[in-house]
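Peer 1:
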Amino acid sequence: MKRILITAGPTYEKIDPVRFIGNYSSGKMGMALVDECLKDGYEVELVLGVVESSMFDLNQKNLKVTHVVSAEEMYGACMAIFPTVDCAILCAAVADFTPAEVSTTKIKRKGDELVIRLKPTNDIAVALGKIKTSKQVLAGFALETNDEMQNARDKLKRKNFDFIVLNKLGDAGAGFRYDTNKITIISETEEKSFPLKSKNDCAKDIIAFLNLKNLQIA
Ligand code: C5P
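When the letters of the sequence shown are read in order and numbered with this note's numbering, they come out as residues 136 to 353.
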């Protein structure tokens, strides 16, 4: 049985005991990938950020869920799981920056401005790209607002992905929280654009592409 690691959802980066820096990722695209991978006979290791979990069925055969909150926790979980899988699709919207210091008490309103210093998080994709073996397939997502193709191609290289799924924030019905998405799958030699579809149908296209890549290296 093929094993896959999927990351999904946003990360929350703590500012103080009641506040965080997050993003609008709902986890829907990642969960669509989970559903379709299970149907396709994969054993799935899901590393899941903070999502509305009542929206999803997390108790399924061949599905193991690791819940995480911060980018650092997601990094730790992925580094532990990745050596045990055949492939990974990184669908999570991971924070690129996290507060340099977390206040232990609620920050009070005072003065004219509040400055929160941020430090970069570990890039999980880059880290997995470095330890990837020749038998593993690694794929990621790119959500772009401008220079989409060029940015996606740069990420493909920088993160050592075998392929990247580009979704454009500007496209109607595509991206965060929608049930539909419009994707382009890009590898070093291929570029396939798909029309607007349900996230489950997008997941099917992505898995068909993944299965081809898995076959090529098997
Ligand atoms: O650089 P950017 O965040 O746009 O790259 C998106 C891709 O990289 C996604 O696949 C995302 O899951 C992954 N990523 C990651 N760790 C980060 C940031 C992004 O794995 N710290």
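Quick reminder that beta carbons are idealized off the backbone N, C-alpha and C, glycines included.
(1) Mind checking which residues open and close the beta strand (DSSP E) that includes R154?
(2) Given a cut-off of 9 Å on the beta-carbon distance, is the pair I242 and V300 in contact?
(3) Let me check one thing: in DSSP terms, what residues is I224 bridge-paired to?
(4) If you follow the alpha helix (DSSP H) that D389 is in, where does it begin and where does it stop?
(5) Excluding the five sequence neighbours on either side, which residues of its own chain have a C-beta within less than 7 Å of the C-beta of D306, listed in chain order?
(6) Since G308 and L345 should fall inside the 8 Å C-beta cutoff, what is the C-beta to C-beta distance between them, to a whole number of angstroms?
(7) Among D170, T142, L140, which one has its Cα closest to the Cα of E334?
(8) Can you have a look at K290 and say buried or exposed, based on whether 16 or more other CB atoms are within 10 angstroms of its CB?
(9) How would you write the range of the beta strand (DSSP E) that V179 sits in, first residue to last?
(10) In three-state terms, what does DSSP make of N295?
(11) Buried or exposed: which applies to L350, given that a residue is buried once 16 or more other Cβ atoms fall within 10 Å of its Cβ?
(12) If you drop the 5 nearest sequence neighbours on each side, which residues of the same chain put their C-beta closer than 8 Å to that of L168?
Peer 2: Quick answer:
(1) It spans 154 to 156 - the beta strand (DSSP E) in which R154 sits, taken as one unbroken run.
(2) At least 9 Å separates the beta-carbon of I242 from that of V300.
(3) DSSP lists I141, A274 as partners of I224.
(4) Shown here, the chain extends from 136 to 353; a query on residue 389 therefore has no answer.
(5) Cβ contact annotation for D306 (same chain, cutoff 7 Å, sequence separation greater than five): K317, in chain order.
(6) Rounded, the Cβ-Cβ distance is 24 Å, inconsistent with contact.
(7) The question names Glu, but residue 334 is Lys in the sequence shown. Of the listed residues, the one whose Cα sits closest to K334 is D170.
(8) Its Cβ being crowded by 16 or more others within 10 Å, K290 is buried.
(9) Note, V179: beta strand (DSSP E), 178 to 183.
(10) Reduced to three states, the DSSP call for N295 is coil.
(11) Burial call: exposed.
(12) Closer than 8 Å at the Cβ level, and outside the excluded window around L168, lie I141, A143, I224, C226, A338, I341, I342.
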